[in-house]
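Residue numbers (the working numbering): 4 to 157.
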């Protein structure tokens, strides 16, 4: 009987970790670049708003639908989400996550448990909804193309 150096559970754990890492890197972050190649589980980018933005849609592990918006050059300027769970905001916001956390900490205790709007000079994040009915959006106000407003991010 041959003995393997690795147990089946260790191999399964390593494969699961690799899958998690691959799914995180498959999607870019706010301020990053929308991947030009097709990404498993995401729709092909399509032009919206008279060609001002490209939109790509996917569903995350919590079954929440996420719309990603990028300029014609591929710069990701916004996300919108809707679903039964909150998306991983740290992953979506990327380098803007700390700015969001600081704003959220300052706004804590406002009394509104179902909706929030954190507006920083670099990023704005709106989120809310009842349990299992979360909605929200995040965008870079200075990076939105001319003629595009936050109302266009849905």
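Cβ atoms here follow ideal geometry from the backbone N, Cα and C, with glycine treated the same way.
Small disclaimer: the values here were computed from a predicted structure and weren't measured.
Residues near residue 44 by beta carbon distance below 6 Å, same chain, minus five either side:
Position 41 of the chain shown holds residue 44. Taken in chain order, the residues that qualify are 61.
With C-beta atoms as the reference, is residue 74 less than 8 Å away from residue 56?
Residue numbering aside, residue 74 sits at position 71 when the chain shown is read from its first letter. Residue numbering aside, residue 56 sits at position 53 when the chain shown is read from its first letter. Taking 8 Å as the Cβ cut-off, residue 74 and residue 56 qualify as a contacting pair.
Nearest-angstrom Cα distance between residue 101 and residue 90?
Walking along the chain shown from the start, residue 101 turns up at place 98. Walking along the chain shown from the start, residue 90 turns up at place 87. If you take the alpha carbons of residue 101 and residue 90, they lie about 16 Å apart.
Residue 111 versus residue 59 - alpha carbon distance
Along the chain shown, read from residue 1 onward, the residue named residue 111 stands at position 108. Along the chain shown, read from residue 1 onward, the residue named residue 59 stands at position 56. Distance between the alpha carbons of residue 111 and residue 59 is about 32 Å.
Answer yes or no: do residue 88 and residue 67 have a C-beta to C-beta separation smaller than 8 Å?
Numbered from 1 along the chain shown, position 85 holds the residue referred to as residue 88. Numbered from 1 along the chain shown, position 64 holds the residue referred to as residue 67. Closer than 8 Å, so yes.
Residues of its chain near residue 140, where Cβ-Cβ distance is below 6 Å and the 5 sequence neighbours each way are ignored:
Position 137 of the chain shown holds residue 140. Counting only residues of its own chain and dropping the five nearest sequence neighbours on each side, residue 140 has a CB closer than 6 Å to the CB of 83, 129, 156.
What number of angstroms, rounded off, separates the C-alpha of residue 98 from the C-alpha of residue 33?
What you label residue 98 is simply residue 95 of the chain shown in a count that begins at 1. What you label residue 33 is simply residue 30 of the chain shown in a count that begins at 1. Looking at the two C-alpha atoms, the distance is approximately 8 Å.
CB of residue 94 within 8 Å of CB of residue 142, strictly:
Taking the first residue of the chain shown as position 1, residue 94 is located at position 91. Taking the first residue of the chain shown as position 1, residue 142 is located at position 139. Cβ distance not < 8 Å, so residue 94 and residue 142 don't count as in contact.
Residue 118 in three-state terms, based on DSSP
Here residue 118 refers to the residue found at position 115 of the chain shown. Correct three-state label for residue 118: strand.
Where residue 131 falls: helix, strand or coil (DSSP)
For the purposes of this step, residue 131 is identified with residue 128 of the chain shown, where counting begins at 1. The answer is strand: DSSP assigns residue 131 an E or B state.
Just to confirm my understanding: we take residue 92, look at its own chain, exclude 5 residues before and 5 after, and list those with CB closer than 6 Å. What are they?
Taking the chain shown and counting its residues from 1, one reaches residue 92 at position 89. The answer is none, since no qualifying residue turns up.
Using the three-state DSSP reduction, which class does residue 64 fall into: helix, strand or coil?
Sequence index remark: in the chain shown, residue 64 carries index 61 (1-based). Note: residue 64 maps to coil in three-state DSSP.
Tell me the rounded alpha-carbon separation between residue 46 and residue 53.
Start at 1 with the first residue of the chain shown, and residue 46 comes out as number 43. Start at 1 with the first residue of the chain shown, and residue 53 comes out as number 50. Answer to the nearest angstrom: the Cα atoms are 19 Å apart.
If I measure Cβ to Cβ from residue 50 and keep anything under 7 Å in the same chain, skipping five residues before and after, which residues do I get?
For this step, residue 50 is matched to residue 47 along the chain shown. For residue 50, where only same-chain residues beyond five positions count, the Cβ hits under 7 Å are 57.
Among residues of its own chain, excluding the 5 on either side of residue 85, which ones have a beta-carbon nearer than 6 Å to its beta-carbon?
Residue mapping note: residue 85 aligns to position 82 of the chain shown, counting from 1. These residues qualify, in order along the chain: 68, 138.
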